[in-house]
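Chains as they are written, first to last, in my numbering: chain A, 1 to 251; chain B, 252 to 487.
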């Protein structure tokens, strides 16, 4: 059965898109058929990590929501852009970066059932093993919908008081929505922290499994979304963490 | 000023030859020890340091070839220059010894001036080779130190000898050690200051924020539609 995984954070800048893109690339490299949907309609950006420019994007998620195309038509095969041996497939369904199209969605909203059916069609037509949903931070309407239709919700947080509070709120909301499986990733941890202690404290506080405690990485910051970390630094510890996340998600 | 004298070993089974050769060499300021056969020579070489060996070819028990072969096989001794002492009618033997790694040859009866020139040249070559070996050893210490830093096993005293050098390598070692020390101190400080994560949640505030979301019309509608949406996703 295909798995839909929503990767979310209450606040921006937690490394949500980077984590999503790296995990997606590693899953595809290992032979999985992977889809990534950018539901961050207000501020889309994950396409940059896959090296796609606005000009190359024909149809977007917005076009599907306005019935201008089928969902699969908005899927861009980015497997060949990874500059790595990819045994599976990686498709990106980007959101529009055009200002008028962003404001139109925000003004008019969209049909939740239409998006849900589109995702189902996407999984069927592209024969996806995994679909990752990259969300907009916070708990807006599109994010709540993404959470509802996911089999697994992953919340990413940093060692930051505002992230702690936002994560608590998100978890509570997810429980009320009866999300089958919720997991946490603690990201951007400085080297001065005891990682095992971080994992233990976060799990105890939120009564939720932590699947990874990721170190802060200067190299990742230096890449500046220019490319995928796991492909540039395949031997580094952070890539090993991403691989373990990928393996955990498919376990 | 460079010391042009050395510690020499004369190996010859003929007592008169040994005395004569060592006498001239001592007059030239060298420290000279003698051995009367190959076995004795090798024993002395294993126990003491020599700068040049003057080696006769034809000797009982172990001849000059045996000594030369043994020295060239051993990385500790292969760089000691060997000057073969030979008679003019042993030219083939000299050629063989040069092929085996002998530095030079000296014909009997030897000329003191020629002897001095050849000893001086061999000593100079030995001195330069020793410097090269020491340089390479110090470079190796530096690269080992870099690997030790990566493995967090760096010992500051490991570069003591390299730091004393007056050339560029010495400067590199001094800068390297200073930087390593600074990194080490910083890491130590970090380890001492291992931070503890403190998560403090305001339950009342959280409940209020959750309520703001879950009380909204959209949430209520979504919650009621959730089951239908999941059925679409699961194709049931």
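Glycine included, each C-beta is placed from N, C-alpha and C at the ideal position.
query: Closest Cα partner of residue 130(A) within the set 21(A), 240(A), 11(A); result: 21(A)
query: Chain-ordered neighbours of residue 470(B) on chain A, where CB pairs are closer than 7 Å; result: 144
query: Proximal residues to residue 64(A) (C-beta, below 6 Å), its chain only, five neighbours per side dropped; result: 71, 74, 118
query: Of the residues 458(B), 412(B), 312(B), the one placed nearest residue 389(B), counting alpha carbons only; result: 412(B)
query: Per-residue DSSP class, three states only, for residue 258(B); result: strand
query: Span of the beta strand (DSSP E) around residue 6(A); result: 3-8
query: Short Cβ contact (8 Å threshold) for residue 26(A) with residue 246(A); result: yes
query: CB contact below 8 Å: residue 398(B) versus chain A; result: no
query: Coil, strand or helix - residue 35(A) by DSSP; result: strand
query: Residue 439(B) in three-state terms, based on DSSP; result: helix
query: Check whether residue 101(A) and residue 62(A) have beta carbons under 8 Å apart; result: yes
query: Proximal chain B residues relative to residue 201(A), where beta-carbon distance stays under 9 Å; result: 447, 448, 449, 450
query: Burial state of residue 167(A), where buried means 16 or more other Cβ atoms lie within 10 Å; result: buried
query: 8 Å Cβ cutoff met for residue 303(B) and residue 377(B); result: yes
query: is_contact[residue 207(B), chain A] using C-beta, thresh 8 Å; result: With chain B represented from 252 up to 487, any question about residue 207(B) goes unanswered, as that position is not in the structure.
query: Residue 215(A) - containing beta strand (DSSP E), residue span; result: 210-215
query: Cross-strand partners of residue 426(B) (DSSP beta bridge); result: Paired residue(s): none; residue 426(B) is not in a bridge.
query: C-beta atoms of residue 97(A) and residue 138(A) nearer than 8 Å; result: no
query: Residue 271(B), enclosing alpha helix (DSSP H) - first and last residue; result: 266-278
query: 8 Å Cβ cutoff, residue 480(B) in contact with chain A; result: yes
query: Outcome for residue 384(B) when other beta-carbon atoms lying within 10 angstroms are tallied against a minimum of 16; result: exposed
query: Residue 432(B) in three-state terms, based on DSSP; result: helix
query: Under 8 Å by beta carbon: chain B residues contacting residue 164(A); result: 450, 451, 452
query: Exposed unless 16 or more other CB atoms sit within 10 angstroms - verdict on residue 428(B); result: buried
query: Partners in chain A for residue 486(B), counting only beta-carbon separations shorter than 7 Å; result: 120
query: Under 7 Å (Cβ pairs) to chain B, residues found in the stretch 20-50 of chain A; result: none
query: Bridge-paired residues (DSSP) for residue 382(B); result: The partner list for residue 382(B) (beta bridge, DSSP) is empty, contrary to what the question assumes.
query: Opening and closing residue of the beta strand (DSSP E) in which residue 487(B) lies; result: Note, residue 487(B): premise wrong, no beta strand (DSSP E); not H, not E.
query: With 16 other Cβ atoms within 10 Å as the buried cut-off, status of residue 80(A); result: exposed
query: Closest by C-alpha distance to residue 479(B), when choosing among 106(A), 120(A), 157(A), 29(A); result: 120(A)
query: Those runs of the alpha helix (DSSP H) which lie wholly inside the stretch 88-123 of chain A and span at least 4 residues; result: 99-108
query: Endpoints, the beta strand (DSSP E) within which residue 206(A) is located; result: No beta strand (DSSP E) contains residue 206(A), which is instead part of the alpha helix (DSSP H) from 195-206.
query: Segment contact flag, the stretch 198-206 of chain A with the stretch 219-227 of chain A, C-beta cutoff 8 Å, min 3 pairs; result: no
query: Neighbourhood of residue 153(A) by C-beta, 6 Å cutoff - its chain only, sequence neighbours within 5 removed; result: 6, 147, 174, 179, 182
query: DSSP bridge partner residues for residue 337(B) (one or two, in chain order); result: 358(B)
query: Residue 94(A) classed as buried or exposed, judged by whether at least 16 other C-beta atoms fall within 10 angstroms; result: buried
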